[in-house]
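In the numbering used here, the protein residues as written are 1 to 341.
Written out below as structure tokens is the structure these notes cover.
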Amino acid sequence: MPKTIIIAEAGINHNGSLVLAKQLIDIAKDAGADFIKFQTFKTELNISKTAEKATYQKNNSQNKEETQFEMAKKLELSFDNFKELKEYCDNKEICFLSTGFDFLSIDFLDELGQPFFKIPSGEITNKPFLEHIARKGKPVIMSTGMANINEISDALDVLTHEGLNLEQITALHCNTEYPTPLKDVNLKAMKTIEKRFGVKVGYSDHTLGIEVPVAAVALGAKVIEKHFTINRNLSGPDHRASLEPQELKAMVSAIRNIELALSGDGAKRVSISELPNQIIARRSIHLSKNVKCGEIITKEHIIMKRPGDGISPMYIDQIIGKKTNCELKEDTKLSWDLLVD
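What follows is the structure, given as structure tokens:
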């Protein structure tokens, strides 16, 4: 079974601090994630100065009056900052990744050598954005939060029209609410996307806890993306719906355990580890009372007891009616050499 790609989503949880961003890299590396992902953007190219914040952004920020533009501007890191973070990731031996939100940022990340591009949920209906990414010719991971099946289809049409093939695309089922109520996860939709479009699928999670992404891997997710933070109590839009360091480590460990559990070939056979327990746990045919030599065995003479290294109870019909060839005591484990026709 191929290894699930685990993306530790730092996003903007660095709160605009390069020092905190590097601490997040350390946390992701320690947890065993494959990638750490940030968000690269030029605020002026993405958000109107009059755009309001989402409700969850207002609830999770100290300044509820600031605009979305003002909030994002404080969280914007420079291209030079990202070059430094990429170098730090290289030194720590964890793969760097960032979501670009505008053409300038996408071009920068491409020049930085990013192996694939992430399309965030909010851009799935942004045709020029999709075209620009597709023309880079690199694999794409596309989140599908807030999208219906027809919008996913339209986005895939744009990407493939501009030169990508479906083998290069992974679609992440996602719900864009922070945190996502469990009743709204609809994890089966991931399989619907896979069946409908024939693309690899994964899951971008915004629920509290680690259960849902682990379940997604059991259902066949090839990519898991999950927000994390150094401290959920920090001010900022995404901290409250993020994992803390030990939770991130627990999620990665649980996913790797699930991968091991799914690694068999599907054939039902006795495993090497359980083979010794057959004798301990199974039963053999025993005598429930003393039996004289030559006595005919009836149902009243036998009982099924452990261990299971004698005659299997599956042969009970062949035992009944046979005679003993010697005197036997109660609790004797029967064997074929003790019986005659």
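A virtual CB, placed ideally from N, CA and C, is assigned to each residue, including glycine.
Source: prediction; values computed, not measured.
By a beta-carbon distance limit of 8 Å, Thr170 does not contact Val212. Their separation comes to about 18 Å. In the three-state DSSP reduction, Glu211 falls in the helix class (H, G or I). Per DSSP, the continuous beta strand (DSSP E) segment holding Asp205 begins and ends at 200-205.
Sequence-distant Cβ neighbours of Phe116 in its own chain, meaning closer than 7 Å and more than five residues away, are Lys138, Pro139, Val140, Ile141. Around the CB of Ile149, fewer than 16 other CB atoms lie within 10 Å, so the residue is classed as exposed. The residue from Leu287, Lys305, Arg306 with its alpha-carbon nearest to that of Ile297 is Leu287. By the neighbour-count criterion, in which 16 or more other beta carbons inside 10 Å mark a residue as buried, Ser143 falls on the buried side. Taking the Cα positions, Gln57 is about 20 Å away from Lys37. When the Cα atoms are used, Asp154 and Gln246 turn out to be separated by approximately 39 Å.
Classified as exposed, Val270 has fewer than 16 neighbouring CB atoms from the shown chains inside 10 Å of its CB. Of the candidates Glu65, Lys329, Leu18, the residue whose Cα lies closest to the Cα of Thr50 is Glu65. Taken through DSSP and simplified to helix, strand or coil, Ala33 comes out as coil. Taken atom to atom, the span from the alpha-carbon of Asp34 to that of Cys89 is near 11 Å.
With distances taken between CA atoms, His227 lies nearest to Ala8 out of Pro2, Ala8, Thr4, Lys3. According to the DSSP assignment, Ser253 belongs to the alpha helix (DSSP H) that extends over 245-261. As the crow flies, the alpha-carbon of Leu338 is around 10 Å from that of Lys322.
Rounded to the nearest angstrom, the gap between the Cα atoms of Arg282 and Lys289 is 21 Å. Look at Ser143 here: in three-state DSSP terms it is strand. Within the model, the alpha-carbon separation for Ala221 versus Ile311 is close to 46 Å. Looking from the CA of Gly11, the closest CA among Ala241, Leu328, Met251, Gly266 belongs to Ala241. With at least 16 other beta carbons inside 10 angstroms of its own, Ala28 counts as buried.
Ala250 and Ile210 do touch by the CB rule: their CB atoms are close to 6 Å apart, below 8 Å.
In this structure, Ala254 is the residue among Tyr178, Ala254, His239, Arg232 with its C-alpha nearest to the C-alpha of Ala215. Residues of the same chain with a CB within less than 8 Å of the CB of Gly16, apart from the 5 flanking positions on each side, are Lys74, Leu75, Glu76, Leu77 in chain order.
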